[in-house]
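The numbering used here puts the first residue of the sequence shown at 19, with every later residue one more than the last.
Where a beta carbon is used, it is the ideal one built from N, C-alpha and C, also for glycine.
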Amino acid sequence: MDIAMTKMNIPKEVMEFIKQDTYSLLIKGSAGTGKTTLALTILHELGINKNCLYISTRISPEQLFKYYPWLEEFFGQPKKSQLSEIEEVDTDTPIFVDARLDEPAALSERITNALMDVKSPTIIIDSWDSIGIFMDKEALMNNARVLQTWRERSSAKIIFIAEDTVSTTFDYLADGVVELRLTSYRERNVREVFLSKLRGVGINRPLYIFTLNNRKFHSFEPFHPTDLRIALDNPSKKGIKSRENIPSASSLVTGYKELDSLLGEGLPLRSIVNLEIDAHVNVKVALILLGRIISNFTSTGNPVLFQPLDEIESDYTTKYLECCIPSTKQKLIELLPAGLAKEKGTKSRYSGSHHETAKQLESIQKYVIKMRKKHGKKHLFTIMGLDLTQFSTNDEYRKAARHLIDLLKSVSVVSILVSRNADDGPRENRLAIGDVHLKILELKGNLFLKSEVPWSHLYAIVFEKHDGCPAINLQPVI
19 MDIAMTKMNI PKEVMEFIKQ DTYSLLIKGS AGTGKTTLAL TILHELGINK NCLYISTRIS
79 PEQLFKYYPW LEEFFGQPKK SQLSEIEEVD TDTPIFVDAR LDEPAALSER ITNALMDVKS
139 PTIIIDSWDS IGIFMDKEAL MNNARVLQTW RERSSAKIIF IAEDTVSTTF DYLADGVVEL
199 RLTSYRERNV REVFLSKLRG VGINRPLYIF TLNNRKFHSF EPFHPTDLRI ALDNPSKKGI
259 KSRENIPSAS SLVTGYKELD SLLGEGLPLR SIVNLEIDAH VNVKVALILL GRIISNFTST
319 GNPVLFQPLD EIESDYTTKY LECCIPSTKQ KLIELLPAGL AKEKGTKSRY SGSHHETAKQ
379 LESIQKYVIK MRKKHGKKHL FTIMGLDLTQ FSTNDEYRKA ARHLIDLLKS VSVVSILVSR
439 NADDGPRENR LAIGDVHLKI LELKGNLFLK SEVPWSHLYA IVFEKHDGCP AINLQPVI
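Structural data, given as C-alpha cells:
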C-alpha cells in the first residue's frame, strides 16, 4: 500500500486521554513492539508539529527521519541538535535531540528547564530506561516526581518510552500507562496494545490489535454487526469501485491491492480458490469480501455465476449485489437456482444422503454447462457455497465432486468455493482441491483474512461504506 494512503489510527480511549490539556503517558513494551511509532503517531494525530521536544537516547534524529519518511512532510525541517547545543526551546520549531552520550543528570536538568521556561510544551523521552539505568531507584523516583510537578505547572504533555515491562514502580506516577506486545497466532505475528491506566478516561476495551504497516501506528476497531448493514434507500449506480483495475493475462485481478500482490497479479486463471469461514464469523462477511471482486470482474463485461451462500437471507444477497455492482452490469450476474442445491424444507444444501448429494452436484454441473453455452466466448467467473472436501470417503460423492471440480476449472477463469471451517474433520478424509486457500477468522473481536496457500501474514478486515453499501479494505498486520 502506498505510504500516503496508509492512515493512522489510535484507540479511541487513548485519543480521548491525549486530548487533555496536560498529562504524562508511559508507553511500555519490549524492543520492536512499536513504542516510538506510537509516540510519533500521537504527535501526528494531535497536529503537534511545533513547541515540542523529542529527546532520543537510542537513535540519532537523522536515522529517525530516515526510518519514518512521513516525519519530514509533517514536521518540515525541525532542529536536530545535541543536548549541549540547545540554549532555549524554540516554540515555533520542533526540536529533536540526540542525547545518546549525555549523562542522566544533564538530561533531567534539560527536561526540567524546558518545563520551567515554556508554556504547554510536548516532550517525548525515548527512552526513560536510559535515564533510570544509571540511577538508583530512589533518585529515579525523585526525578520523576519533579518532572510530574513541573509538568502540571506548565500544562505540559510528557510521553515516557520504556522497555522495562516488569517493573511497575513508575506506573503509579504516570497518568496513563499503555503496553505494546508482540504475540503470535498460528505462526502469524499479532501486535496488541493493552490499556492499563488512563486517568480520567473510562476504558471500555482494554486491548486492541494494531499494525505498523508503512511505519505508521494503526489500531483496528472490533467488528460490530452494524458493519454489515446496507444503509441506503436508493442503491448506487456506481457500485463498489476497485482501488485499481489493471488487466492481467494470467490472473483475475481481485481489486484488493494487498491480495493481488500476495498472489502475483491476482487469482491464477483456471484455479480453484477455497474461501474458508471461521465458525464464529457471519457469512455475510464473505459476501462483502467477494463484492469487490465481483464488481471488478463485471466491469470487464464478463458474467459471474453465483450460488447464494448458506445462512444469508435471499433478500440481503439480492440487495447487496444491487448496491455493490454498477446498475449497468447487474445483468451479468447469473444466480444459481436455489432448487439445484437445496430441497424445500431442508436446513442446508447438503443434508441428504451421499447419493442425493451426488445427484445435486450433477444438476449443478448441467447448469454450469448451460451458462457456459449461453455466454459463448465470454470469460466466466464462478462463486459457489460448496464444501467439496466433505464426504470424501464416499465413492459416488467423490466422483461427482471431482467431475464438478474438473468442469469448473475448464469453463471458469476462476472458481471460488465458500465453506465453513473444516478443522472439525479428519484432514485425511477430505479432498485436496484448492490451488489457493484463504481463511476468514475472528481473533479477539477483530476479523482477519489469511492465506494458507500461498502462506501470508494476517490482513485486518476493515469495513467502510460506499454510498451506504458495506465494503471491505484489507490492511496488513505487520
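(request) Say whether the segment 230-238 touches the segment 54-62, bearing in mind that this needs 3 or more beta-carbon pairs closer than 8 Å, one atom from each stretch. (result) Touching, yes, given that three or more Cβ pairs across the two stretches are closer than 8 Å.
(message) At the level of alpha carbons, what is the spacing between F481 and N491?
(response) 6 Å
(message) Considering just the uninterrupted stretch of the alpha helix (DSSP H) at D413, what are its terminal residues?
(response) Secondary structure note for D413: its alpha helix (DSSP H) is the uninterrupted segment D413 to V429.
(message) If I measure Cβ to Cβ from K427 and keep anything under 8 Å in the same chain, skipping five residues before and after, which residues do I get?
(response) So the qualifying residues of the chain are R288, S289, I290 and S433.
(request) Taking all protein chains shown into account, decide if V184 is buried (16 or more other Cβ within 10 angstroms of its Cβ) or exposed. (result) exposed
(message) I'd like the list of long-range same chain contacts for Y226, defined as Cβ closer than 6 Å, with 5 residues on each side in sequence excluded.
(response) P29, V211 and S237
(request) Give a yes or no on whether the C-beta atoms belonging to L1 and K84 are separated by under 9 Å. (result) Absent from the model: residue 1. The displayed extent of the chain is 19 to 496, so no value can be given.
(message) If contacts are defined as beta-carbon pairs under 8 Å, then L277 and P472 qualify, I think. What distance do you get, rounded to the angstrom?
(response) 11 Å between Cβ atoms; not a contact.
(message) Applying the 10 Å Cβ sphere with the 16-neighbour rule, what's the burial state of A478?
(response) buried
(request) Would you check if the distance between the CB atom of S430 and the CB atom of L456 is smaller than 9 Å? (result) no
(message) Does the segment 135-146 come into contact with the segment 170-187, if we say contact requires no fewer than three beta-carbon pairs (one atom in each stretch) closer than 8 Å?
(response) yes
(request) Identify every residue that forms a DSSP beta bridge with L225. (result) F212
(request) May I ask you to report which of helix, strand or coil DSSP gives L354? (result) coil
(request) Please classify S332: does DSSP put it in a helix, a strand, or coil? (result) helix
(message) Under 8 Å, with one C-beta from each stretch per pair, do the segment 309-318 and the segment 343-353 reach the 3-pair mark?
(response) By the Cβ criterion, the segment 309-318 is in contact with the segment 343-353, since at least three pairs of Cβ atoms, one from each stretch, lie closer than 8 Å.
(message) Measuring only the C-alpha atoms, how far is S369 from A192?
(response) Interpretation of S369 is limited by its pLDDT of 48, a score under 50 that renders its predicted location unreliable; the figure taken from the coordinates is listed afterwards. Straight-line Cα distance between these residues: approximately 59 Å.
(message) Within a Cβ cutoff of 6 Å, which residues of the same chain sit near L422, ignoring the five residues on either side of it in sequence?
(response) L379 and Q383
(message) Classify E361: buried if its beta carbon has 16 or more other beta carbons within 10 angstroms, exposed otherwise.
(response) Confidence at E361 is low in this model, with a pLDDT of 45, below 50, so the placement of that residue should be treated as unreliable; the coordinate-derived value is given next. With fewer than 16 other Cβ atoms within 10 Å, it is exposed.
(request) Indicate, with yes or no, if the ligand MG has a heavy atom lying under 8 Å from the CB of R204. (result) With respect to the ligand MG, the structure shown offers nothing to examine, as it has no ligands at all.
(request) Give, in chain order, every unbroken run of the beta strand (DSSP E) that is at least 3 residues long and sits entirely within the segment 117-165. (result) 140-144
(request) Just tell me which of A249, N464, E329 and V271 has its CA closest to the CA of C487. (result) Ranked by Cα distance from C487, the options A249, N464, E329 and V271 are led by A249.
(request) Quick one: grab the DSSP three-state call for I45. (result) DSSP places I45 within a strand segment (E or B) once states are collapsed to three.
(request) List the whole-angstrom C-beta distance separating V303 from I458, where the pair is believed to meet the contact cut-off of C-beta under 8 Å. (result) 6 Å
(request) Please classify I451: does DSSP put it in a helix, a strand, or coil? (result) coil
(request) Would you list, in sequence order, the uninterrupted beta strand (DSSP E) runs of no fewer than 3 residues that lie entirely inside the segment 276-353? (result) 289-295, 322-324 and 351-353
(message) Counting C-beta neighbours from all protein chains within 10 Å, is the total for K391 16 or more, i.e. buried, or is it exposed?
(response) exposed
(request) Return helix, strand or coil for T54, following the three-state DSSP convention. (result) helix
(request) Note down the Cα distance separating Q493 from K155, rounded to an integer number of angstroms. (result) 42 Å
(message) Mapping the DSSP letters down to three states, classify K498 as helix, strand or coil.
(response) Residue 498 falls outside the range modelled here, since the chain spans only 19 to 496, and no answer is possible.
(message) Considering only their Cβ atoms, is the gap separating L323 from E352 smaller than 9 Å?
(response) yes
(message) So that I know if they touch, is there some Cβ in chain D lying closer than 9 Å to that of M153?
(response) Considering every chain present, this structure includes no chain D. It has just one protein chain.
(request) Please classify T6: does DSSP put it in a helix, a strand, or coil? (result) Residue 6 cannot be examined here, being either before or after the span of the chain that is shown, 19 to 496.
(request) Inspect the CB distances between the segment 31-51 and the segment 69-77 and report whether three or more fall short of 8 Å. (result) no
(message) Once the 5 residues before and after L404 are set aside, which same chain residues still bring their CB inside 6 Å of it?
(response) L435
(request) Tell me, to the nearest whole angstrom, how far the beta carbon of N320 is from that of L354; I am working on the premise that it is less than 8 Å. (result) That belief does not hold up - the Cβ atoms of N320 and L354 are roughly 17 Å apart, past 8 Å.
(request) Determine the direct distance from the alpha carbon of T186 to that of E197, and round the result to whole angstroms. (result) 12 Å
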